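Everything below concerns the one structure shown next.
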Amino acid sequence: MLLDLRSGRRLEIRLRTINDWCTAKQVFFDNDYGFEKLARGGDLNRRFDEIVESGHSPLILDCGGNIGLAARFFAETYPQAEIVSIEPDRDNIEQAKINTATTKVTTIEAAIASNDGNGTLIDPGLGNNGYRVHESADGAVRLISVNTLIADARAKKCVPFLIKIDIEGFESELFSKNTEWIEAFPILIIELHDWMLPKTANAANFLKTISQLNRDFVFHGENVFSIANDF
Numbered sequence: 001m002l003l004d005l006r007s008g009r010r011l012e013i014r015l016r017t018i019n020d021w022c023t024a025k026q027v028f029f030d031n032d033y034g035f036e037k038l039a040r041g042g043d044l045n046r047r048f049d050e051i052v053e054s055g056h057s058p059l060i061l062d063c064g065g066n067i068g069l070a071a072r073f074f075a076e077t078y079p080q081a082e083i084v085s086i087e088p089d090r091d092n093i094e095q096a097k098i099n100t101a102t103t104k105v106t107t108i109e110a111a112i113a114s115n116d117g118n119g120t121l122i123d124p125g126l127g128n129n130g131y132r133v134h135e136s137a138d139g140a141v142r143l144i145s146v147n148t149l150i151a152d153a154r155a156k157k158c159v160p161f162l163i164k165i166d167i168e169g170f171e172s173e174l175f176s177k178n179t180e181w182i183e184a185f186p187i188l189i190i191e192l193h194d195w196m197l198p199k200t201a202n203a204a205n206f207l208k209t210i211s212q213l214n215r216d217f218v219f220h221g222e223n224v225f226s227i228a229n230d231f
């Protein structure tokens, strides 16, 4: 049981492992995804309100949803948003459904990628928040692109607002092509994994792509906040 000191609401979440507890600490206690520490937090919240006032639902994509804690945070913070949590591991997905049961969060058992397709789930022994994905034509894991998710959401009168990406190194593939979706999101939050995958230049595709766009680049904790400058 958690008490949200801002709203006074009690939040019930279910944790299984020490990894789950570490994730909960980052999301709810360290406030990893909150805008309060950003100089442009007010700009972002105003953009959210503009989308709502236009009669649309702001779209939040949680890529690498794990057990649904980030999605739950977004749902509590932005109750008018349409939130989609994408996670490739079935056990994590089942846990995410429990942790977001009282919200409008939609969970999808898949891995985010540059193209729709198939992949394989790899367990490097880091626990349930460290699974990796490799492309594989005959793999059992569904790969789904951001462009596909945006198209599906727009059919429901949703407008992209925020995309959070924590996919254990698969960001190298995600940003390798078909990256036009970035400019649709006022805010992109990503954890890069060069620290975990030394001598692979894993962040290179992200850095090359993002450096060509008119966006602010802000480090906070483990995350990069990429904020559009055209709104």
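Here the numbering used here is used: position 24 in the sequence shown is 24, and no number is missing along the way.
Every residue gets a Cβ at the ideal spot worked out from N, C-alpha and C, and that includes glycine.
These numbers were taken from a predicted model, which means no experiment stands behind them.
Any 3 or more C-beta pairs closer than 8 Å across the stretch 147-163 and the stretch 45-58: yes
Terminal residues of the alpha helix (DSSP H) in which E94 lies: R90 to N99
Own chain, CB closer than 8 Å to A204, minus 5 neighbours either side, in chain order: S172
Reduced DSSP category for V224 - H, G, I as helix; E, B as strand; rest coil: strand
Buried or exposed by the 16-neighbour rule on C-beta atoms within 10 Å, applied to S211: Label assigned to S211: exposed.
Cβ separation of L61 and V146, assumed to be a contact under 8 Å, to the nearest whole Å: 7 Å
Residue interval of the beta strand (DSSP E) (run including T107): T106 to E109
Beta-carbon gap between E168 and G64 smaller than 9 Å: In contact: E168 and G64 (Cβ atoms closer than 9 Å).
Separation of V105 from I86, as counted between CA atoms: 10 Å
Three-way DSSP call (helix, strand, coil) for G119 in this model: strand
Beta-carbon proximity list for S176, same chain, < 8 Å, skipping 5 on both sides: S114 and N205
Endpoints, the beta strand (DSSP E) within which V146 is located: Run containing V146: none in the beta strand (DSSP E); it sits in the alpha helix (DSSP H), V146 to R154.
Distance CB(L38)-CB(V218) smaller than 9 Å: yes
Burial state of A70, where buried means 16 or more other Cβ atoms lie within 10 Å: Residue burial annotation: A70 is buried, with at least 16 other C-beta atoms found within 10 angstroms of its C-beta.
C-alpha distance - I122 paired with K164, whole-angstrom precision: 21 Å
9 Å Cβ cutoff met for I189 and V141: no
Residue of I83, N129 and D230 minimising C-alpha distance to W21: That would be N129, whose Cα lies nearest to the Cα of W21.
L253 vs L5 beta-carbon contact at 9 Å: One cannot answer for residue 253 here, as it falls past the ends of the chain, which runs 1 to 231.
Coil, strand or helix - R40 by DSSP: coil
Nearest residue (CA-CA) to G139, options A111, R154 and L59: A111
Residues near D116 in its chain [Cβ-Cβ closer than 7 Å; skip 5 each side]: L143, I144, S145 and T148
Best match in R215, H220 and D194 for proximity to I227 [C-alpha to C-alpha]: Nearest of R215, H220 and D194 to I227, Cα basis: R215.
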